[in-house]
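For reference, the structure is listed below as structure tokens.
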Amino acid sequence: MKTIAFALASASTLVLAAPAFAGNLTPAAPEAPVYVAPVETAGADWTGFYAGATAGYGYGEDAAEDADDSTYGVFGGYNYDMGDWVVGGELEYSKSDMENAGVEVDDMTRLKLRAGYDFGKVVVYGIAGANYTNATIAGTDYSDTGVSYGIGADYAVTDNIVAGLEVLQNDFNEFDDSGADLSATTVAAKVGFRF
């Protein structure tokens, strides 16, 4: 019986002491570095055709002073995503309720060039283009081509739906030889569908 007790005591001593003998004087080899892929922010590819509707407000100047009222219309265009930059063109037709005692701005057809910076789901851009407008001045119908320029921003709500905002200055010198300059600032919210 003493032999079994001695054997058990010796075995338990070896088991408890075993971790002390497990060490090694040789330094451990360094572990291989772990590669962590960079996290990419959700972006959008802005290349392609789009179309939509716009609604906003116009503030008249010059002959259209105090001719402040709503604007609304449709637009369509094409964007090309170059990586950090997005360029494109857009055709927009807007009706206008802007009028004062002597001038009524009936509608505007704008051909716009757009260039902006791609922040992923947002593009902030500048605009320059031509504007063909019909207006009634002192009871006579006139039409003329002027310039439009401004800024805008688009946000990709989904892969196909885009919401945006534009602020444009629209200028006409000597509107259709009427003897009056005509200007207006327009602010418009836009919703479009990308094809």
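Numbering (mature numbering (1 follows the signal peptide of the UniProt record, and there is no 0)), first residue to last: -22 to -1, 1 to 173.
Backbone N, C-alpha and C fix where the C-beta goes; we use that ideal spot for every residue, glycine too.
Computed from a predicted structure; not experimentally measured.
Three-state secondary structure assigned by DSSP to Phe173: The residue you call residue 173 lines up with position 195 of the sequence shown. Of the three classes helix, strand and coil, the one that applies to Phe173 here is coil, per DSSP.
Considering only the beta carbon of each residue, do Asp154 and Tyr120 sit closer than 8 Å? The residue labelled residue 154 in the question sits at position 176 within the sequence shown. The residue labelled residue 120 in the question sits at position 142 within the sequence shown. Yes, they are a contact pair.
Quick check: the Cα distance between Leu106 and Ala79, rounded to an integer number of angstroms? Indexing the sequence shown from 1 puts residue 106 at position 128. Indexing the sequence shown from 1 puts residue 79 at position 101. Checking the sequence, you will find Ala at residue 106 rather than Leu. Going from the Cα of Ala106 to the Cα of Ala79 covers about 30 Å.
Three-state class that DSSP yields for Asp96 in the structure shown: Along the sequence shown, read from residue 1 onward, the residue named residue 96 stands at position 118. DSSP places Asp96 in strand when its eight states are reduced to three.
Three or more beta-carbon pairs under 8 Å between the stretch 52 to 61 and the stretch 19 to 34, yes or no? yes
If you count every other CB in all the chains shown that lies within 10 Å of the CB of Glu152, and 16 or more means buried, which is it? Walking along the sequence shown from the start, residue 152 turns up at place 174. Exposed.
Residues of its chain near Ala41, where Cβ-Cβ distance is below 6 Å and the 5 sequence neighbours each way are ignored: Your numbering for residue 41 matches position 63 in the sequence shown. Same-chain partners within the cutoff: Val81, Ala158, Leu160.
Could you tell me if Thr136 is buried or exposed, where buried requires 16 or more neighbouring beta carbons within 10 angstroms of its beta carbon? As a first step, residue 136 must be located in the sequence shown, where it is residue number 158. Thr136 is exposed by the Cβ-count criterion.
What is the DSSP secondary structure of Asp137, reduced to helix, strand or coil? For the purposes of this step, residue 137 is taken as the residue at position 159 of the sequence shown. DSSP places Asp137 in coil when its eight states are reduced to three.
Can you tell me whether DSSP reads Asp132 as helix, strand or coil? In the sequence shown, counting from the first residue as 1, residue 132 sits at position 154. In the structure shown, Asp132 sits in a strand (DSSP, three-state: E or B).
Which residue marks the beginning of the beta strand (DSSP E) containing Phe27, and which one marks its end? Counting from 1 along the sequence shown, the entry for residue 27 is found at position 49. The continuous beta strand (DSSP E) containing Phe27 extends over residues 26 to 40.
Met60 classed as buried or exposed, judged by whether at least 16 other C-beta atoms fall within 10 angstroms: Here residue 60 is taken as the residue at index 82 of the sequence shown, counted from 1. A residue is called buried when at least 16 other Cβ atoms come within 10 angstroms of its Cβ; Met60 does not meet this threshold and is exposed.
For Ala45, collect the residues of the same chain with a Cβ closer than 7 Å to its Cβ; drop the 5 residues on either side in sequence, then sort them by chain order. Locating residue 45 in the sequence shown gives position 67, where the first residue counts as 1. Closer than 7 Å at the Cβ level, and outside the excluded window around Ala45, lie Gly38, Met76, Glu77, Asn78, Val81, Val83.
Local conformation of residue 179 per DSSP, three classes: This structure does not reach residue 179, given that the chain is present from -22 up to 173, and the question cannot be answered.
Round the Cβ separation of residue 190 and Val145 to the nearest angstrom and send it over; I've been treating them as touching at under 8 Å. There is no way to answer for residue 190, as the model of the chain reaches only from -22 to 173.
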